[in-house]
Amino acid sequence: MSGLGLIVVAWVLDRSKFALDPPYLSNDMPVDNNAPMTTGRGGKEGDYSVKLTKEFAKLSGPKKFSYEELMIATDSFADDRILGRGGFGIVYEGHLGDASTCTRVAVKTINPDSSQGIKEYISEVKSLSQLRHRNLVHLIGYCHEANKFVLVYEFIGGGSLEDHLFKRRPLLTWERRYNIALGLASALHYLHKQCNQCVIHRDIKSSNIMLDEKFVTKLGDFGLARLVDHTRGTNTTQVKGTPGYLAPECYQTGKASKESDVYSFGVVLLEIAFGRSVSDSELAEQGPGLVQWVWKHYGNRSWRRNFLLVVDQRLGKDFDKKQAEALMIVGLWCAHPIAGSRPSIEQAMAVLNMKAEPPKLPSKMPSFNI
């Protein structure tokens, strides 16, 4: 397997998350917390599979594959087809169709003994079946039968944003970085504003943002996503997400919202502009996290004198100063500690698209009071 193949589905393998709550089998009917998520033990598998089949039959978009079809597509899930392994299963390269119509796909198997993995399986099918956008990873199909749970995605060959920013990959040019940021903003605007129901992603981070061969943004991993009315947030009470990208209020309430998605989006913008990860060991040794570090530079105005002090130094002078300023300010605006002070995704997009002036933020990072 080539190095390219190994990075195609990094986003479906990353599981550095907090505990999950049950996803929805229907938009307003959560899975019973006390109901068994068994997949074969105690004779529950048949009933559970039938329940899923009936529920998924209401969906339009993804195809229900037979397990035999996916066996053929992956050469019986051969070891040489493995793209990677994660906490909830294994991802394989697959080929659907005959030689003349072959479609390359990523086939993710779910560990049947993992109740969390199966919950995310349900959530991904429910969420992605309703979504169509060029900046979202496309779910082609699914399978649940004979104690097997499998997801089939489009094959994305460019790797994750995290790979390109923080691992040994060719340096992302500034133009590509800014286009990636705009693509992510477009994806989030679609989820929050253009769907019949608001989709709260709840785990926006650089490892969940895939890039195709043309560096087009593809937001993936909807295992934590929730569908809610546009005027409401989620009713969950467990903390979910990834440290560093998780909005401060989520630690207090456990509830995700459009504002908490915007916070995560802002953190990613700062990573894109400054080439620093939220898990940067150097920043950890200095004490402040990424948001605090950038806000400190914003407050002392050192960036106005010399943007080279803060923008990813590997770029040298090859960046657009006005765009860099927009990424910095919009990133901090979105990652404001107080949810009510964050912009909507439309407001953030207006500044990124140079259709509105950036806001004037406090010189000192505000505190979040629990």
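Residues 1 to 370 (the UniProt record's numbering) make up the sequence shown, in order.
Where a beta carbon is used, it is the ideal one built from N, C-alpha and C, also for glycine.
Check: Check whether residue 165 and residue 69 have beta carbons under 8 Å apart; Outcome: no
Check: Distance between residue 316 and residue 117 (C-alpha atoms, nearest Å); Outcome: 43 Å
Check: Candidates 98, 144, 80, of which the one nearest residue 54 by Cα; Outcome: 144
Check: C-alpha gap between residue 73 and residue 96, whole angstroms; Outcome: 6 Å
Check: Reference residue 178; option with closest CA among 208, 112, 269, 225; Outcome: 269
Check: Proximity of residue 314 and residue 171 at Cβ, strictly below 8 Å; Outcome: yes
Check: Between the CA atoms of residue 215 and residue 256 - distance to the nearest angstrom; Outcome: 29 Å
Check: Ranges of the alpha helix (DSSP H) found wholly within the stretch 98-142, counting only runs of at least 4; Outcome: 115-128
Check: Alpha helix (DSSP H) runs wholly inside the stretch 156-214, at least 4 long, in chain order; Outcome: 161-166, 174-189
Check: Residue 89, DSSP secondary structure in three states; Outcome: strand
Check: Residue from 355, 339, 332, 173 with nearest C-alpha to residue 362; Outcome: 332
Check: Coarse secondary structure for residue 65, derived from DSSP in three states; Outcome: coil
Check: From 281, 225, 159, residue whose alpha carbon lies closest to that of residue 168; Outcome: 159
Check: Short Cβ contact (8 Å threshold) for residue 273 with residue 311; Outcome: yes
Check: Among 108, 113, 79, 121, the one whose alpha carbon lies nearest that of residue 52; Outcome: 121
Check: Close beta carbons around residue 111, own chain, < 7 Å, minus the five adjacent residues each side; Outcome: 88, 89, 117
Check: Those residues which DSSP pairs with residue 77 across a bridge; Outcome: DSSP, once it has assigned bridges, lists no residue as partnering residue 77.
Check: Per DSSP, the bridge partner or partners of residue 378; Outcome: In the structure displayed, the chain extends from 1 to 370; residue 378 sits before or after that span and is not available.
Check: C-alpha gap between residue 140 and residue 156, whole angstroms; Outcome: 13 Å
Check: Inter-residue Cα distance where the pair is residue 42 and residue 148; Outcome: With a pLDDT of only 42 at residue 42, under the threshold of 50, the placement of this residue in the model should not be trusted; the figure read from the coordinates follows. If you take the alpha carbons of residue 42 and residue 148, they lie about 16 Å apart.
Check: The stretch 287-298 / the stretch 347-357 touching (three or more Cβ pairs under 8 Å); Outcome: no
Check: Pick from 202, 351, 137, 114 that is closest to residue 217, judged by C-alpha positions; Outcome: 137
Check: Whole-angstrom distance between residue 135 and residue 191, CA atom to CA atom; Outcome: 11 Å
Check: Residue(s) in a DSSP beta bridge with residue 219; Outcome: 136, 209
Check: Beta bridge counterpart(s) of residue 228 as assigned by DSSP; Outcome: 198
Check: Start-to-end residues for the alpha helix (DSSP H) that takes in residue 296; Outcome: 290-300
Check: Among 367, 201, 345, 193, nearest to residue 128 - alpha-carbon criterion; Outcome: 201
Check: Presumed contact (8 Å Cβ cut-off) between residue 188 and residue 265, rounded CB distance; Outcome: 6 Å
Check: Other residues of its chain near residue 353: CB distance less than 8 Å, five sequence neighbours each side excluded; Outcome: 182
Check: Contact set for residue 131: own chain, Cβ-Cβ below 6 Å, skip 5 residues either direction; Outcome: none
Check: Alpha-carbon to alpha-carbon, residue 78 and residue 350; Outcome: 48 Å
Check: Extent of the continuous alpha helix (DSSP H) to which residue 323 belongs; Outcome: 321-334
Check: As assigned by DSSP and simplified to three states, the class of residue 350; Outcome: helix
Check: Residue of 113, 114, 109, 174 minimising C-alpha distance to residue 142; Outcome: 109
Check: Nearest residue (CA-CA) to residue 63, options 212, 113, 125, 258; Outcome: 125
Check: Alpha-carbon spacing of residue 309 relative to residue 176, whole angstroms; Outcome: 21 Å
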